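Colleague:
Number of protein chains: 2
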Amino acid sequence: MARRSEHSRDEIQAMAIQAAITILSEQGLQGLSTRKVASAIGYTAGTLYLVFKNLDELILQVNAASLDELHVWMQDALAKNKAPQAQLLGLAHAYLSFARENFARWSLMFTHQMPVEMHLPDWFHDKVRTLFALVVKPLQQINASLTLEQYRQATHVLWSSVHGVCELGLNDKLALGGEIQAEELIDAMVKNFLNGFSQGWE
Amino acid sequence: MARRSEHSRDEIQAMAIQAAITILSEQGLQGLSTRKVASAIGYTAGTLYLVFKNLDELILQVNAASLDELHVWMQDALAKNKAPQAQLLGLAHAYLSFARENFARWSLMFTHQMPVEMHLPDWFHDKVRTLFALVVKPLQQINASLTLEQYRQATHVLWSSVHGVCELGLNDKLALGGEIQAEELIDAMVKNFLNGFSQGWE
DNA sequence: ACCTGAACACCGTTCAAGT
DNA sequence: ACCTGAACACCGTTCAAGT
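Protein chains in written order, with my numbering: chain L, 1 to 202; chain D, 1 to 202.
#1: Is the CB-CB distance between D/L89 and D/V190 below 8 Å?
#2: Do D/L58 and D/A20 count as a contact pair if the criterion is CB distance below 8 Å?
#3: Spatial neighbours of D/L70 within its chain, please: C-beta separation below 6 Å, excluding the five flanking residues on both sides.
#4: What does D/A188 touch in chain L if you count any residue whose Cβ is under 8 Å from its own?
#5: In chain order, which alpha helix (DSSP H) runs of at least 4 residues are fully inside the region 113-150 of chain L?
#6: Can you list, in chain order, the residues of its chain whose CB lies under 6 Å from that of D/F193, leaving out five sequence neighbours each side?
#7: Residues of chain D with a CB under 7 Å from the CB of L/R105: which are they?
#8: Which of helix, strand or coil does DSSP assign to D/K53?
#9: Count the CB pairs spanning the region 49-64 of chain D and the region 115-134 of chain D that are closer than 8 Å, and state whether there are at least three.
#10: Would the beta-carbon of D/S160 fall within 8 Å of that of L/G28?
#11: Where D/Q181 and D/L134 are concerned, what is the direct C-alpha to C-alpha distance, given to the nearest angstrom?
#12: Roughly how many angstroms separate the alpha carbons of D/L55 and D/T34, rounded to a whole number?
#13: Does D/L91 come within less than 8 Å of chain L when only Cβ atoms are used?
#14: Touching or not, the region 2-18 of chain D and the region 74-90 of chain D, by the rule of three or more beta carbon pairs under 8 Å?
#15: Considering L/I23, what are the terminal residues of the alpha helix (DSSP H) in which it resides?
#16: Short of 7 Å in beta carbon distance, which residues of its chain neighbour D/A104, apart from the five on each side in sequence? Order them along the chain.
#17: Using a Cβ-Cβ distance cut-off of 8 Å, determine whether L/S175 contacts chain D.
#18: Taking the alpha carbon of D/G196 as the point to measure from, which residue in D/K82, D/S107, D/L139 has its own alpha carbon closest?
#19: Around the C-beta of L/S107, are 16 or more other C-beta atoms found within 10 angstroms, so that it is buried, or is it exposed?
#20: When you compare the CB of L/V165 with every CB in chain D, is at least one pair closer than 8 Å?
#21: State yes or no: is the C-beta of D/L78 within less than 8 Å of the C-beta of D/L91?
#22: Heavy atom of the ligand GTP less than 7 Å from the Cβ of D/A83, yes or no?
#23: Is D/H125 close to chain L? Criterion is C-beta to C-beta, closer than 8 Å.
#24: Since D/E202 and L/A188 should fall inside the 8 Å C-beta cutoff, what is the C-beta to C-beta distance between them, to a whole number of angstroms?
#25: Looking at C-alpha atoms only, which residue of D/H93, D/Q18, D/Q75 is the closest neighbour of D/V162?
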């Protein structure tokens, strides 16, 4: 048929990203495919390759959108709390909520391994670092006597821990069976972390 | 051709699991497929379905083998250390080493989402719980005044944190770039955890 | 210039047919 | 009884051909 410029490149790109997000929430990780995304926006799979290099680049864009949305959730959590301890708890809970309510999209950020030869663009790394920065600040308020490298390390440790609790908790990978209250675990984790952190960092 | 009983069902099963492990280490997660496993052991894909219900069950068996091997690594770490604090550090480092040196196989345990309708057999959950138990004991020695439920929660928190540091560290998902010394992070993480834990648990 | 549709090289899975 | 090979329904990706 060769439909003629009904949509611009940018429009097709945006439509594809949106369609991918819908498919992820309705059919999960396994449901995502170029052919389904294409047909959802009324195009052929081939068209997607006019606009994205390949599926990995589409996924990268979906992940970028996820990071933006996660940023909003975490920003909100910061605004709702005043004390730095409460802010960190809020950030961790916001992360858990986002993971739970957007499970497939959140999983896509971690379970999809990009090919090694594809190195992520700077603007993507910037998004991650911006999120990271939200966590550093409250930590600096709680314990002001550390070096920048120590804050980086402490933030890395704290955030990886929050992430780990979300991952193993939401997937029940530790086989604790029954109802795992990830929220309680996050609470216990952050509080214990701060217990140690407020006294110093090695 | 219909080759006649060259191998028993159990032998084919064992060969397939071993072939899958080899493919994972040589070609990574994406390289694993029923057709490749089958051809690696000199059979047709169809034969695999005489011996496994489907690919997910083969993966389950590979994961079970991974858990067994991980158990040995962690057992060794326990034996090499006497003080419970040192034992926990050793366990965490053993986990990190296993993840690093068997990256694809380790990833398979977490990035492959089993279909929801497939619930894991009891013997698999038992393997996970056995690993879990290795971590509980040292914790009990460090702080003997908690309830069983509190130990369970503390262990869950500690192990999820170790796992999170491994996952985000080995994948560089936090985009800290350069050389991330996951070993240092594990050290800092466990020590800070124990700092809080030795004083109590909420 | 834009898009299609067929093609290629792969998948997981099933099952009639062969020995 | 054991195993194959073809078939089916899917993939990601490319690219000549159509408008």
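Even for Gly, the Cβ is constructed at its ideal location relative to N, Cα and C. As the structure is a computational prediction, the values presented were derived from the model and not from experiment.
Modeller: From the atom records:
#1: yes
#2: At a Cβ-Cβ threshold of 8 Å, D/A20 and D/L58 count as neighbours.
#3: F98
#4: Q153, A154, V157, W201, E202
#5: 122-142
#6: L158
#7: By Cβ distance, chain D contributes nothing, its closest Cβ being about 13 Å from L/R105, past 7 Å.
#8: coil
#9: yes
#10: It is not a contact, given that the beta carbons lie outside the stated cut-off.
#11: 25 Å
#12: 7 Å
#13: no
#14: The count of Cβ pairs closer than 8 Å, one atom from the region 2-18 of chain D and one from the region 74-90 of chain D, stays below three, leaving the stretches out of contact.
#15: 9-27
#16: Sequence-distant partners of D/A104 (beyond 5 residues in either direction) whose C-beta falls short of 7 Å from its own C-beta, in its chain, are L24, S25, G28, L29.
#17: Note that residue 175 of chain L corresponds to Ala in the displayed sequence, not to Ser. Yes, L/A175 lies at the interface with chain D (some Cβ there is under 8 Å from its Cβ).
#18: D/L139
#19: buried
#20: Yes, L/V165 lies at the interface with chain D (some Cβ there is under 8 Å from its Cβ).
#21: yes
#22: Inclusion of the ligand GTP in the displayed structure is not the case, the ligand content being empty and no account of it being possible.
#23: yes
#24: 6 Å
#25: By alpha-carbon distance to D/V162, the top candidate from D/H93, D/Q18, D/Q75 is D/H93.
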